[in-house]
Amino acid sequence: MILCCGEALIDMLPDSTKAGEAAFVPRTGGAVFNTAIALGRLGVETGFYSGLSQDFFGDMLRDALQNSYVDSTLATISNRPTTLAFVRLVDGQAQYRFYDENTAGRMLAPKDLPQIPDNTRALFFGGISLVSEPCGSTYEALMMRETSRITMLDPNIRPGLVSDEAAYRARLDRMMAQADIVKLSDEDLRWLFGDGDLQAVAQDVIANGATIVLVTEGAKGAWAFGKTHHVFVPAKAVTVKDTVGAGDTFNAGVLASLSKQGLLEKTALQSIGKSALTAALTYGNRAAAITVARAGANPPWKKELS
Numbered sequence: 022m023i024l025c026c027g028e029a030l031i032d033m034l035p036d037s038t039k040a041g042e043a044a045f046v047p048r049t050g051g052a053v054f055n056t057a058i059a060l061g062r063l064g065v066e067t068g069f070y071s072g073l074s075q076d077f078f079g080d081m082l083r084d085a086l087q088n089s090y091v092d093s094t095l096a097t098i099s100n101r102p103t104t105l106a107f108v109r110l111v112d113g114q115a116q117y118r119f120y121d122e123n124t125a126g127r128m129l130a131p132k133d134l135p136q137i138p139d140n141t142r143a144l145f146f147g148g149i150s151l152v153s154e155p156c157g158s159t160y161e162a163l164m165m166r167e168t169s170r171i172t173m174l175d176p177n178i179r180p181g182l183v184s185d186e187a188a189y190r191a192r193l194d195r196m197m198a199q200a201d202i203v204k205l206s207d208e209d210l211r212w213l214f215g216d217g218d219l220q221a222v223a224q225d226v227i228a229n230g231a232t233i234v235l236v237t238e239g240a241k242g243a244w245a246f247g248k249t250h251h252v253f254v255p256a257k258a259v260t261v262k263d264t265v266g267a268g269d270t271f272n273a274g275v276l277a278s279l280s281k282q283g284l285l286e287k288t289a290l291q292s293i294g295k296s297a298l299t300a301a302l303t304y305g306n307r308a309a310a311i312t313v314a315r316a317g318a319n320p321p322w323k324k325e326l327s
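Convert by adding 21 to the 1-based position in the sequence shown; the result is the number in my numbering.
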């Protein structure tokens, strides 16, 4: 099983009424939630860990997980509200405004952490759940506790949400040093490290502890860097509806491919070759291309990639 650990929320997507008035439509979302949904749809045994509410938005989230064959039995359930994210699209790019005070996800504490099942091969972390407290410290503690398993980190940075930049950067530094796989968008990479050479920055992250660094460049494609080699796979050209969930689906595609190849194990991942990296990037790109061609975070099913 791959266990996805992080936020689940409701995206309030822009729409209009029959009278032409501006409106918002609730849709399940959250970066880590989207990755879990995509993994489940790609046929990978998947679990989801977060703080989930007992409110009707929480019901929507649990139903969506179940409908995509994702097990949420490890989640911590409370009567706190669900996080809401109002979305505005500007030239097809999603901009967000989050409402996250005192929510079920944000108030997740270290005392809530479950025991991880023995059949869990990998854990995935990231998203806005690493910004706020106490949930940020909780997920970090879980990663540090589970270092015997494969861990993947995608910060999916939202600079507008970061109130304590020094503390956030320090957390990401610690988690990147512990993660086996670090995924960064080109925007994430520039925010973290400035305008240095992409390959040099990736090698610095590897020198600090990561085994593989993935870097996505939107419509251009994606890179994978290992200790001794790297590969680039161009993105598939599609007509973009919007980019909501694109990176999350890419993450799921990569993990699904690595799982299928039997590489979600420490020794195997450390000796991964170019062909395996190329296969993982290709599958991730194909899955993401389907997501961006339709509205919202709506990852593909395995049969759509056959």
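We put the beta carbon where it would ideally sit given N, CA and C, even for glycine.
The count of Cβ pairs closer than 8 Å, one atom from the stretch 172 to 192 and one from the stretch 138 to 156, reaches three, so the stretches are in contact.
Boundaries of the alpha helix (DSSP H) harbouring A277: 267 to 281, taken from the DSSP string. Around the beta carbon of I58, 16 or more other beta carbons sit within 10 angstroms, so the residue counts as buried. Three or more beta-carbon pairs separated by less than 8 Å link the stretch 23 to 30 to the stretch 97 to 108, which places the two stretches in contact. In the same chain as D133, and ignoring 5 residues on each side of it, the C-beta atoms closer than 6 Å to its own belong to T97, in chain order. Here the stretch 156 to 170 does not lie against the stretch 35 to 48, with fewer than 3 beta-carbon pairs under 8 Å apart. Y90 carries a coil assignment under DSSP once its states are collapsed to helix, strand and coil. Within the stretch 25 to 69, the runs of alpha helix (DSSP H) at least 4 residues long that lie entirely inside it are, in chain order, 52 to 62. Under the three-state reduction of DSSP, W244 is assigned to strand. By the Cβ-count criterion, N229 is exposed, with fewer than 16 other Cβ atoms from all chains shown falling within 10 Å of its own Cβ.
C-alpha of G68 to C-alpha of V259: approximately 30 Å in a straight line. Residue burial is scored here from C-beta neighbours: P320 has at least 16 other C-beta atoms within 10 angstroms and is therefore classed as buried. When secondary structure is reduced to three states using DSSP, A143 falls in the strand class. The bridge partners DSSP lists for F77 come to none. A straight line joining the alpha-carbon of L34 with that of G147 spans about 22 Å. Sequence-distant Cβ neighbours of S280 in its own chain, meaning closer than 8 Å and more than five residues away, are I23, V65, R142, A143. The beta carbon of R315 is closer than 8 Å to those of K262 in its chain, skipping five residues each way along the sequence. Using a Cβ distance threshold of 8 Å, L285 and A297 do not count as a contacting pair. C-alpha of V226 to C-alpha of I311: approximately 30 Å in a straight line. Annotation: T168 is outside any beta strand (DSSP E) and is labelled neither H nor E by DSSP. The straight-line gap separating the alpha-carbon atoms of G126 and I149 is approximately 10 Å. DSSP places T260 in the coil class of the three-state scheme, outside both helix and strand. Around E167, the same chain offers I137, L144 as residues with beta carbons nearer than 7 Å, after the five sequence neighbours per side are excluded. Within its own chain, the residues whose Cβ lies closer than 7 Å to the Cβ of M165, once the five positions on either side in sequence are excluded, are Q199, listed in chain order. Looking at the DSSP output, K204 sits in a beta bridge with L235. Check the Cα spacing between T270 and each of C25, T49, V46, L60: the tightest is with L60. The straight-line gap separating the alpha-carbon atoms of A245 and V254 is approximately 9 Å.
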